[in-house]
Amino acid sequence: MIFSKTQKTINKLITEKVFHGAVIKIVKDNKELFFDAFGYNDFENKVIMKKNNIFSLYSMSKPITVVAALILQERKQLFLDENIQKYYPNFSKPITIKQLLTMTSGLTYFWDQNKSTLELQKIKKKIEEENITLQEFCQLVSKIKLEYNPGQDWHYGFSLDILGGIIEKITNMKFQDFVLKEITKPLKMKDTDFEINDLSRKTVVYASILNETQNILKPNHNWSWMLSKHSLKTNAAFGGHGIFSTTDDYSKFLNSLLVSKHHNQHLISTASIKEMSSDQIGDLKTIFNQRSSFNSDYTYGYGVRVRLKNKNLPLTEIEEFGWDGALGSFGIVDPVNNITITFMISTFPGNNKLVRNLIWEAIYEDLKNIKII
Numbered sequence: 033m034i035f036s037k038t039q040k041t042i043n044k045l046i047t048e049k050v051f052h053g054a055v056i057k058i059v060k061d062n063k064e065l066f067f068d069a070f071g072y073n074d075f076e077n078k079v080i081m082k083k084n085n086i087f088s089l090y091s092m093s094k095p096i097t098v099v100a101a102l103i104l105q106e107r108k109q110l111f112l113d114e115n116i117q118k119y120y121p122n123f124s125k126p127i128t129i130k131q132l133l134t135m136t137s138g139l140t141y142f143w144d145q146n147k148s149t150l151e152l153q154k155i156k157k158k159i160e161e162e163n164i165t166l167q168e169f170c171q172l173v174s175k176i177k178l179e180y181n182p183g184q185d186w187h188y189g190f191s192l193d194i195l196g197g198i199i200e201k202i203t204n205m206k207f208q209d210f211v212l213k214e215i216t217k218p219l220k221m222k223d224t225d226f227e228i229n230d231l232s233r234k235t236v237v238y239a240s241i242l243n244e245t246q247n248i249l250k251p252n253h254n255w256s257w258m259l260s261k262h263s264l265k266t267n268a269a270f271g272g273h274g275i276f277s278t279t280d281d282y283s284k285f286l287n288s289l290l291v292s293k294h295h296n297q298h299l300i301s302t303a304s305i306k307e308m309s310s311d312q313i314g315d316l317k318t319i320f321n322q323r324s325s326f327n328s329d330y331t332y333g334y335g336v337r338v339r340l341k342n343k344n345l346p347l348t349e350i351e352e353f354g355w356d357g358a359l360g361s362f363g364i365v366d367p368v369n370n371i372t373i374t375f376m377i378s379t380f381p382g383n384n385k386l387v388r389n390l391i392w393e394a395i396y397e398d399l400k401n402i403k404i405i
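Using the numbering used here, the letters of the sequence shown correspond one by one to residues 33 to 405.
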């Protein structure tokens, strides 16, 4: 099926050097509508992008971690109102599992200008230089003063990485092993892991500089931002940013979150999917809109944006949900139309808002033009 505006938009962004290569997959009713690769993986050596290239997902790892937690909630091994001081007593204030899921825990990231920035930057350096374990990471973070009282604010941060550590404690398994056993293996996501098992398919990360005169993309073949520099075998599976995957694999994951007769492989119940993809932050959505790159049509569920209105461009559909990654990739779950969209690129910064606005608009225009929706 031809997605003419989508293809034209992707090729235009490649020509303009917003990114050098991309892979996209669009699925409806569990059937492939469109799946293609564009441009180059390694532009300098003219290595074309392939559909089975492996990308660093960064924050697109977060919905996978949420599903891992909801699996344990359904088994009554994890409870959303539980105080995480049960697992990490050094936290200065009580935080619930639900506050980790909704990014209302008081934890932030190291790039924010706040009191904990310097301490979090030191931890980031340990991740990259020392290949610390997930439990070591969680213990270090637990000693840092929270930025605000849990539940009183929304702030993007290390919440879901801490949740991965809690899952390790509950299951007595490495978080990596739990995800492989309970999520990637059942969905046949054979190329998804916290490390790259086939380096020949690894995507090159490009440093992206966009300005008024020209766009510049510079390859970084030793990319290791927030990941270990010294080992292909990671000691820590970071649930907030550490997963690698292909477009096809991640599409399988997104399809598992569609509730319809066309999808029979669900990892969690319909009720859990609805809970994950509904408004969980109430009045804090105003702060979410201010601190994220999403417009006022959106709120936050568990690890995902959730569309409440469909008034601001780019238009998709009310109830649409998903998340992006730092390198510019994004995932869309559209339960109204039983559609998922997986798009992957590899630039830093990912220029997410620019890429998302143009490509979402193109995709939904194509879907309407070919009478899919």
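Backbone N, C-alpha and C define an ideal beta-carbon position, used for all residues, glycine too.
None of these values were measured; they are calculated from a predicted model.
Grab the span of the beta strand (DSSP E) containing PHE207 for me, first residue to last. Here residue 207 corresponds to residue number 175 of the sequence shown, with the count starting at 1. Segment 207-211 is the alpha helix (DSSP H) holding PHE207; no beta strand (DSSP E) there.
THR374 and SER283 closer than 8 Å at C-beta: Start at 1 with the first residue of the sequence shown, and residue 374 comes out as number 342. Start at 1 with the first residue of the sequence shown, and residue 283 comes out as number 251. In contact: THR374 and SER283 (Cβ atoms closer than 8 Å).
If we call anything under 8 Å between Cβ atoms a contact, is THR348 one with ASN287? Counting from one through the sequence shown, the residue named residue 348 turns up at place 316. Counting from one through the sequence shown, the residue named residue 287 turns up at place 255. The answer is no: Cβ separation not under 8 Å.
With a threshold of 16 other CB atoms inside 10 Å of the CB of PHE353, please say whether the residue is buried or exposed. Against the sequence shown, residue 353 aligns to sequence position 321. PHE353 comes out buried.
Once the 5 residues before and after GLU161 are set aside, which same chain residues still bring their CB inside 7 Å of it? Reading the sequence shown from its first residue, position 129 is the one you call residue 161. Cβ within range, chain order: LYS261.
Of the choices THR97, ASP61 and MET81, whose alpha-carbon is the least far from that of ILE199? The residue given as residue 199 occupies position 167 in the sequence shown. Of the listed residues, the one whose Cα sits closest to ILE199 is THR97.
Taking 8 Å as the threshold (C-beta atoms), are PHE190 and GLY272 in contact? Along the sequence shown, one-based indexing puts residue 272 at 240. Along the sequence shown, one-based indexing puts residue 190 at 158. Yes, Cβ-Cβ distance for GLY272 and PHE190 is below 8 Å.
Count the other CB atoms, across all protein chains shown, that sit within 10 Å of the CB of LEU231; report buried if there are 16 or more and exposed otherwise. Taking the sequence shown and counting its residues from 1, the one referred to as residue 231 is at position 199. Exposed, by the Cβ-count rule.
Exposure of VAL79, with buried meaning 16 or more beta-carbon neighbours within 10 Å: Residue 79 sits at position 47 when you count from the first residue of the sequence shown. Exposed, because fewer than 16 other Cβ atoms sit within 10 Å of the Cβ of VAL79.
Reduced DSSP secondary structure (H/G/I, E/B, other) of ASN389: Counting from one through the sequence shown, the residue named residue 389 turns up at place 357. Helix at ASN389.
Run of the alpha helix (DSSP H) containing ARG107, from where it starts to where it stops: In the sequence shown, the residue the question calls residue 107 occupies position 75. First-last for ARG107: undefined, no H or E at that position.
Can you confirm whether the segment 360-372 touches the segment 44-64 when touching is taken to mean that 3 or more C-beta pairs between the two stretches lie within less than 8 Å? yes
Roughly how many angstroms lie between the CA atoms of ALA239 and LYS108, to the nearest whole one? Here residue 239 corresponds to residue number 207 of the sequence shown, with the count starting at 1. Here residue 108 corresponds to residue number 76 of the sequence shown, with the count starting at 1. Roughly 44 Å separates the two Cα atoms.
Could you give the DSSP three-state label for GLY53: helix, strand or coil? Position 21 of the sequence shown, counted from the start, is the residue given in the question as residue 53. DSSP places GLY53 in strand when its eight states are reduced to three.
Quick check: ILE164 and ALA268, are their CB atoms within less than 8 Å of each other? Here the question's residue 164 lines up with position 132 in the sequence shown. Here the question's residue 268 lines up with position 236 in the sequence shown. Yes, Cβ-Cβ distance for ILE164 and ALA268 is below 8 Å.
Under 8 Å between C-beta atoms of ILE395 and PHE35: In the sequence shown, counting from the first residue as 1, residue 395 sits at position 363. In the sequence shown, counting from the first residue as 1, residue 35 sits at position 3. Taking 8 Å as the Cβ cut-off, ILE395 and PHE35 qualify as a contacting pair.
Which residue's Cα is closest to the Cα of THR278: TYR90, LYS37, GLU244 and ASN43? Counted from its first residue, the sequence shown places residue 278 at position 246. Answer by Cα proximity: TYR90.
Pull up the DSSP beta-bridge partners for PRO182, would you. The residue given as residue 182 occupies position 150 in the sequence shown. Its beta-bridge partners do not exist; DSSP assigns none.
Which residues does DSSP pair with PHE375 in a beta bridge? Mapped onto the sequence shown, residue 375 falls at position 343. Its beta-bridge partners are ILE56 and PHE362.
Would you be able to state if there are at least three C-beta pairs under 8 Å between the segment 319-326 and the segment 180-187? Because the criterion of three Cβ pairs below 8 Å is met, the segment 180-187 and the segment 319-326 touch.
Suppose contacts are defined by Cβ-Cβ distances below 8 Å. Is THR128 in contact with LEU112 by that definition? The residue labelled residue 128 in the question sits at position 96 within the sequence shown. The residue labelled residue 112 in the question sits at position 80 within the sequence shown. Yes, these two residues count as a Cβ contact at 8 Å.
Report yes if the C-beta distance between MET376 and VAL55 is below 8 Å; otherwise report no. Start at 1 with the first residue of the sequence shown, and residue 376 comes out as number 344. Start at 1 with the first residue of the sequence shown, and residue 55 comes out as number 23. Yes.
Same chain, Cβ closer than 6 Å to ILE155, neighbours up to 5 away in sequence not counted: Sequence index remark: in the sequence shown, residue 155 carries index 123 (1-based). Counting only Cβ-Cβ distances below 6 Å, and skipping sequence neighbours, we find LEU172.
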